Every structure is written in structure tokens, then in C-alpha cells.
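Data first, discussion second: the structure below is written as C-alpha cells.
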Amino acid sequence: MRRSAVVAALGVALITTAGAGAKARAGPAIDVSSVASAKQYLRSTGIDPAGFVVQVGQRNYAGPSCPGPGWTCTTATRVIQISGHDGDNTFECAQASDGTSEHTNTCVSTQSGTSGNTARCVIRSIDAPTVHQSCTITQTSGTGDNRAVIEMVARQGEGSRQKAAQMASVTQTSASGANHLHTAQKVEQDTKHHGSTVEQHQDGKLNLVVDQTSASGRQFVQMHQSLDQDAKAQGYVLGGSQSQLGDLFGDVDQTSGGRSEIHARQNEDQDERAPRGSRVAQSQIGPEVCCTRQVGNPGNRFDINQNASQDASQERAFQSEVIRGSCISSGRCDVDQAARNNVDRERNSCTGPVCFIFIICRSGGEDDGERFLASWLHDQRGCVAGGQKPHGVLRP
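Numbering (our numbering), first residue to last: 19 to 414.
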């Protein structure tokens, strides 16, 4: 089978997969207006409400600095907050850890109030070889605004095996108010090795799922995901392996009669170095997927920039990258993609109400997990672009 025909078939498969998940979701209305309903909702999302602190009052605060008299305060990082008319719910969760053992950082907030909610989740980890960060925010309001900020940072510079996972989930529902969300997820992995045999493995996973709903309020999402992996083998190196895995995923739904906006970026940078002449097996794999359905307003806007870079010192290093950008909007989508590896580079873009586009890059030797792609491309090396654009299917 010719390479172009095979890649075109793969493109149709990717389009079909994206389209299958791109329909606006019309799930049941979220009810967290009572303690019982909030706990039931948490269970439905797979979260055990046991151990949660429950705050029911006019002004509820969870965080390190209680505002003062008149506030119901707690320092807990798993909280249910329910306020009355003209009340106030505020959640501030800050987690920080460092060391050489596994660390788990989790923030969970469920807020219900007629006048709006505010939540901030900041989780940072330094030099822990294995990191799992999780933030879940659920906000419902009447006429008030829902505002949330999520910042996740994992910096790993110790050990030869590094693994980081960042999981963020935000659900914002308002009868007529606005929904605002700012997110930043960043993983930096750096490992160095001295010795005859190298075994370096890096794994980074960044995941964000957002659902915003309002009858008439404006909605806004700013999303930034960044993965930087750097592996170096120095000195007298005979052999071994270096492997890098990246997985960036975003999914954002917006439904409102008011204007909705999404500004998103995904950046992935993988670099492996070993001395010339050493027999070090190198592999780099990193999909990027994003991300939206917008319903309700012709002025809706979505834009995303997706970038991936793979650089390895060995000529036969295995490199595999799939970038996929999908958007269905009642307004306009702008998707821009760029990818490069050892032997090639490619760009792709789309503007219109519907965009399903992709870039596929492959280089080097065959990896067990990618043999289907190797057989399809007949060991071809390089990058191809394709997808569904407003005026038809773009074939490589």
C-alpha cells in the first residue's frame, strides 16, 4: 500500500475518533446544593467523600489564612462549601513537597452558592522521582460568577527514573453568571548519568478536563500545558537505554448563550544525548491531543497552538509523535500545529467552525508499542499532516 494512502486512512481514523467525542454533552444537571447531594455527586465522579470537611454558612473559607471574624474557616484541602443568599465561598489549596520518595498532592473542592464561588489550587513538587498531582473543582452558582485558578508544577532532577502525572478537572455551572478558569500545568524532567551502562526513563502525563455551562453568562478558559524532558548519558558509556514518554491531553466543553472563549497552548520538548559510538537505544514518544466543543453563541472563539520537538543523538533513535487538534464551535476555531524530529518537520493549521487536523511524525527503529504504525508507514521516516478542514478533507 502506498504511504500516502495509508496515512490518509490513518487520518480518517483520527478524524472519526475525534468526531465521535466531539458532540456536545448533555448530561444531567449537577446538584451540590445540599450536603447529601454534594456527597452523592462526588461518589458519581469516583471520589470518596469520607474525610471531607463540610462548611455550611454565609461566608465559608478553606485555606491557610482565615479572613477573620464572621467566616467559617478550615485549613482542609478536601472541602464541601454551601453558602446562602449573598454568601461567599472561597477555597485556597496550596500543596508543596520535595524529597526522594513518592508524594501525592490532592485538592478537592465542591462549592455551591447563589452569589458565586472562588477556588485556587496550587501544587508544586521538586526533586521527587515519582509525582502525582490532582485537583478537582466543582462550582455551581445562581446569578454569581465562578472563578478558578489551577497551577501545577513538577520539577524532577534526581534519579534515572522519573514519572509525573498531573490531573485537573473543573466543572463550572451558573444560572446567569460568568465562568472563568486559568490553568497552567508544567512538568520538567532532567536526568544525567555517568557509567558504562545507562538506564534512563522519563514519563510525563498532563491531563485537563473542563465543563462550563451558563444560561447567558460569559465564559473564559486559559489553558497552558508544558512538558520538558532532558536525558544525558556522559563519560565512558557502552550501552543501555534512554526512553521518554509524553502525554498531553485537554478537553474543554462550553455551553452558554453568552460569549465563550478558549485560549490554549500545548508544548512538548524531548531531548536525549549519549556519546557518539555508544550502543544506547533511544526512544521518544509523545502524543498531544486537544480539545473543544462550544455551543450557544455565534461569537464564540477557540484558538490553540500545539508544538512538539523530538531530538535524539542516535541515528536509529525511535521517534513517534501524533498531534491532534479538534474543535466544533458555533463561532470560530483557530488551530495551529508544528512538529519536528531528527529528520523532518511539519506545520498544519485550520480556521473555521469545524477543525479536525493532525500531524504524524516517525523516525528511526521500530518500537514494540508502535509496530502497527511502522508497518503502515513501511519504515518511512518523516512527518505528514492531514485532517478535516472546513472545505473538505486534507490528504497528505
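In this text, a Cβ means the ideal position worked out from N, Cα and C, and glycines have one as well.
Because the structure is a prediction, the values reported are computed rather than measured.
| Asked | Found |
| --- | --- |
| Quick check: what's the CA-CA separation for Val50 versus Gln76? | 16 Å |
| Based on the DSSP secondary-structure assignment, which residues constitute the bridge partners of Thr108? | Tyr79, Thr136 |
| Does DSSP put Ser62 in a helix, in a strand, or in coil? | helix |
| Look up Ala166 in the DSSP assignment and say whether it is helix, strand or coil. | strand |
| If you run the structure through DSSP and keep just helix, strand and coil, what is Val361? | coil |
| Is the beta carbon of Ser194 less than 7 Å from the beta carbon of Ala233? | yes |
| Run through DSSP, which three-state label would Ser194 get? | coil |
| Given a threshold of 16 other Cβ atoms within 10 Å of its Cβ, counted over all protein chains shown, does Glu339 qualify as buried or as exposed? | buried |
| Per DSSP, which one or two residues make a beta bridge with Ala403? | Ile377 |
| For Glu306, report the span of its beta strand (DSSP E) as first-last. | 306-313 |
| Could you pull the start and end residues of the beta strand (DSSP E) that Asp269 belongs to? | 257-274 |
| Hey, how far is the Cα of Val74 from the Cα of Thr93? | 15 Å |
| Pop quiz: Gly131 and Asn107 are said to be a contact at Cβ under 8 Å. What is the actual Cβ separation, rounded to whole angstroms? | 5 Å |
| From Ala251 to Asp329, what does the alpha carbon distance come to, in whole angstroms? | 14 Å |
| Suppose you measure from the CA of Thr231 to the CA of Cys91; what does that come to, to the nearest Å? | 29 Å |
| From the DSSP output, in three-state form, read off Ala56 for me. | helix |
| Can you tell which of Ala282, Pro305, Pro293 has the C-alpha that lies nearest to the C-alpha of Arg319? | Ala282 |
| Under a three-way DSSP split, which group does Phe70 fall into? | coil |
| For Val239 versus Ile280, is the C-beta spacing smaller than 7 Å? | yes |
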